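As you go down the protein sequences, you meet chains A and B in turn.
Counting from 396, one number per residue, gives the positions in the first sequence under this note's numbering.
Counting from 491, one number per residue, gives the positions in the second sequence under this note's numbering.
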Amino acid sequence: MIKHRSIGDRTADIFIALVLILICLTTLYPFWYLFTLSFTSGDVSLTRMYLIPPKLTLENYAKVLSDGAILTGFINTIIRTVLGTVIAVSCTILTAYPLSRKELVHKKFFTSFVIITMFVSGGTIPSYLLVKTLGLMDTIWALVLPTAISAYNVIIARNFFISIPDSLVESAKIDGANDLVILWKVVIPVSLPIIATITLWIAVAHWNAWFDSLIYTQSASKQVLQVVMRRIILEGTQDMMNPDAAEEAMHVNTETIKATTVIVATVPILVVYPFIQKYFVKGVMIGAVKG
Amino acid sequence: MKSMKKIVSLVVVTVIAASTVVGCGGGDSKDENGRYTYSMTMYQTSTANPDAVQLKAIEDKYNINLDVWNVEWQKYDEILNLKLAGGEVPDIIYVKTAAAAQKYVDQGVVAPISLELLEEKAPNILKRLEEDAPDILKYYYIDDELYSLPSFSVGAGANGIPMVWRGDWLKNVGINKVPESLDEYEEAFYKFAKEDPDGNGKNDTYGLSRSGLIAIFAAYGYVPTMGQTGTPQGYWMERDGKLVYSSVQPEMKEALARISKWYADGVLDPEFITGENKGGYWAISHQFVNGIIGFTCHGMSYHWEPKAFVDSDASSSGQDRYEFEKLNSEAAESLEISGIPPYLSKETQKTYPKKEYVRGERWMFSKSLVEDEEKFNKLLEVYNDIYSSRENFEFANTGERGVVWDYEDAVSTNGKTYKRTAYLGDWKDEEYRKENSFSFNLFTPSFPEAEKIDTPRDDWAIPRGFDDQYMPNNRLYVSLPSESKYSAELTKIEEEAYMDIITGAQPIDYFDEFVEKWRASGGEVLEQEAEAWYEEVNG
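Listed below in structure tokens is the structure:
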């Protein structure tokens, strides 16, 4: 039986839908604008806004994708994202699971030990000194090790693990499984939603990170995509100017090239979202509610 | 459990192994070829390539090694501070601001350079400075010692802040000559706003926007923070032999009265609040290019210059002109461009000094380098050779003539033939240049004894008054001791007051109240410090 909805209800629905569509468009528009620019030929005036490219060209993509720095950056970013995600996800699980077990001695102490880092952090200079004295400068490890464990992710994962019934773990124990086997064969399979969620967070964070690469990497061959992209985007803005350099001799990339670089650097990680989306929503909800 | 232990020990061992491998290196005396290695930072727009052909050429010529650190320009101070905190001090440090220079002195990472040593080992540096910017060094003293060498460039040809009128609009509203006095300016602005200069039947044009204000303020004798494009900065200017802060001078009240009237009458573009550039390349005035305003002072003169040579690409003209040509090629011909003329300042009878080359940017040298006498002397000898002749300078700056580049004859759009710099061989390729270029110098001097090479730029810019501009400069070249303490608050007070007065949120007389408030909030301390510094330098 479908209840007949009043006119007031329906107008409210329409109003809400319109507002949401509007909000959606305001977030989509900047991206669409860049997308349009990336297909626009450079000899069109770029001081105006366009919804569709006034003069279609693929030249921008050909130019960007054949740029050596962008390609190296791409490869470095993929390596860093994969390696960093594997390390961070394993470290997070290996930390969160013990913290979720009642039988852990000094559980309270260890938990607050992790939580406290969310309020007090070392700061940039001590982190830099640490990475430097560990000898990680100019290596991929400087990008993946310092971020191996995030307290926030550990807490989220721990809360999820707590929600797993004790009886599940106990039954496995009765069957003779040790702790590692229980984690691997019992806990992880039922925790896929939260693991998928954390994986996505970490992967996106790694994909987007640039400042660590800027300070820890020296050689051009080790820089990540975002650093290269940033440099291209910032070219010609006031921030990058040096008043006493012969500026007019400088080669400045056009807005179309900049837009294409942004698209090239963003689309790969966007493509990942739909595949993990279903876990994403479920995972966060469960972790949060049961905390 | 066992496997867990194994994993842990594996991780520990890996980290230790990695640290021993990477931790090696360093050592600062000569290498096996008897070469000193100088680590350095510099202004860079792309990652330094340690194998750049031009870098190798310089290293081989002078028998030294240069280790260029990658320090991203936009985060320059931040990253350099990290390195310094980590005990990594480059031998040759490019410093971005006077404030940073002061800090490095306080931290003790840099050492002063003795003038006697410069005279003995690098007299050519002093000679070139004497030719182009006599007395410049006095501005680089900190605590009575010369800590840095200047960085500037005179080689770029005549340029300055432009005043650009739309000639077609002037004609459309019945004005047949470029306005010359402030009243004529006002007349033109009102006509631009009210008489539909673009003939589209809509009331959608304005006289001027943010950047044009600099010409108006300058006519009153001073340039406040408001009048500037780019990074706004408070100007300190001379008044009766003393250094004063421009934004609080009484003349600014008169200027504001005029400008706020324009705002009320719809002559000043209401978007002046956010400026004329709407993103992308900084020097482009979107408001002007899109035909919303008819007068601008945005960017520098060369952004409005037509393309120099007949055979060059259309995009080689100044960025503003190029964008303007794309939309309206006929109107581009009508642009009236000139430097800020002296007559605009007649009302205050003020003249400004010629171009000055003192900058925040400068070169400093690490303590360890200066203390290693032999190594520092070698570096000074290299600089001395670079500044001995234009040929040597060109070698260090661009590369060897005849190998990397050479002059060729080219016909300019003005009909004359000029010597033009052209790249040779591999260097013609832009990607190759990007990978292999490297410049090693302190500043770019003019070399008056060398053959004068005419450029289309100078022939375009000098008749338009860009060689000797009556444009005021900020004459405070150091960071004042209390500046960091007060400046954030003072900037806020000033911005609000100027904005409120122009938009009519406050009456004109609010200016006096603002000046009082500014002084009371620390401005007075800065005024005293600036005055004391100015007296000391010129005393």
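All residues carry an ideal CB built from backbone N, CA and C; glycine is no exception.
None of these values were measured; they are calculated from a predicted model.
- [ ] Could you please tell me which residues of the segment 422-441 of chain A, in chain order, have their CB closer than 8 Å to any CB of chain B?
- [x] G437, D438, V439, S440, L441
Open item on the list: Using the three-state DSSP reduction, which class does B:D567 fall into: helix, strand or coil?
Closed with: helix
Open item on the list: Below 8 Å on the Cβ atoms is my contact criterion, and I expect B:F679 with B:G697 to pass it. Report the Cβ-Cβ distance as a whole number of Å.
Closed with: 3 Å
TODO: Consider the Cβ of B:E985: report whether some Cβ of chain A lies at a distance smaller than 9 Å.
DONE: no
TODO: Return the first residue and the last residue of the alpha helix (DSSP H) that A:Y428 is part of.
DONE: 402-433
Task: Proximal residues of chain B, C-beta to C-beta of A:I689 below 9 Å - done: Residue 689 of chain A is absent from the structure shown; chain A starts at 396 and stops at 686.
Task: Residue-level contact to chain B via CB, A:L609, 9 Å cutoff - done: yes
TODO: Take B:E820 as the anchor and find which of B:G657, B:L914, B:K942, B:F855 has the nearest alpha-carbon.
DONE: B:G657
Task: Residue from B:G789, B:G784, B:E941 whose Cα sits closest to the Cα of B:I651 - done: B:G789
Open item on the list: Just to confirm, is the Cβ distance from B:A987 to B:F1004 under 9 Å?
Closed with: yes
TODO: Could you pull the start and end residues of the beta strand (DSSP E) that B:L825 belongs to?
DONE: 825-829
Task: Of the residues B:E984, B:L1016, B:W950, the one placed nearest B:K975, counting alpha carbons only - done: B:L1016
Open item on the list: So if I threshold CB-CB distances at 9 Å, which residues from the segment 544-572 of chain A count as touching chain B?
Closed with: none
Open item on the list: Tell me the residue span of the beta strand (DSSP E) that contains B:D899.
Closed with: 895-901
Open item on the list: Which residues in chain B have a C-beta closer than 9 Å to the C-beta of A:Y523? List them in chain order.
Closed with: L572, K573, A575, G576
- [ ] Please name the residue or residues paired with B:E635 in a DSSP beta bridge.
- [x] B:I632
TODO: Report buried or exposed for A:H399, applying the criterion of at least 16 other Cβ atoms within 10 angstroms of its Cβ.
DONE: exposed
TODO: Since I believe A:T651 is in contact with A:G437 (beta carbons under 8 Å), could you give me their beta-carbon distance rounded to a whole number of angstroms?
DONE: 5 Å
Task: N- and C-terminal bounds of the beta strand (DSSP E) containing B:N555 - done: 554-558
Task: Coarse secondary structure for B:F1001, derived from DSSP in three states - done: helix
Task: Partners in chain B for A:R626, counting only beta-carbon separations shorter than 7 Å - done: S536
Task: Own chain residues within Cβ distance below 8 Å of A:I658, not counting five before or after - done: L429, F430, S433
Task: Residues from the segment 769-782 of chain B in contact with chain A, defined by Cβ distance under 7 Å - done: G770, Y771, W772, I774, H776, V779, N780
Open item on the list: Can you tell me whether B:A1052 is buried or exposed? The criterion is at least 16 other CB atoms within 10 Å of its CB, across all chains shown.
Closed with: Given a span of 491 to 1029 for chain B in the structure shown, any question on residue 1052 of chain B remains unanswerable.
TODO: Using a Cβ-Cβ cut-off of 9 Å, state whether A:R496 counts as contacting chain B.
DONE: no
TODO: For B:W853, write down the residues that DSSP places opposite it in a beta bridge.
DONE: B:Y584, B:L639
TODO: Answer yes or no: does any C-beta atom of chain A fall closer than 9 Å to that of B:E549?
DONE: no
TODO: Express the C-alpha separation of B:K628 and B:V558 in angstroms, rounding to a whole number.
DONE: 29 Å
Open item on the list: Using beta carbons (cut-off 9 Å, strictly below), is A:R400 in contact with chain B?
Closed with: no
- [ ] Could you round the C-beta distance between B:I569 and A:I597 to whole angstroms and report it? I think they count as a contact, below 8 Å.
- [x] At roughly 25 Å, the Cβ-Cβ gap does not stay under 8 Å, so B:I569 and A:I597 are not in contact.
Open item on the list: Rounding to the nearest angstrom, what Cα-Cα distance links B:L636 and B:M854 in this structure?
Closed with: 10 Å
Open item on the list: Suppose you measure from the CA of B:T764 to the CA of B:G850; what does that come to, to the nearest Å?
Closed with: 26 Å
- [ ] Please say whether A:P425 and A:T435 have beta carbons closer to each other than 9 Å?
- [x] no
Open item on the list: What would DSSP say about A:M624, mapped onto helix, strand or coil?
Closed with: helix
Open item on the list: I want to see whether chain B comes within less than 9 Å of A:E650, judged by CB atoms only; does it?
Closed with: yes
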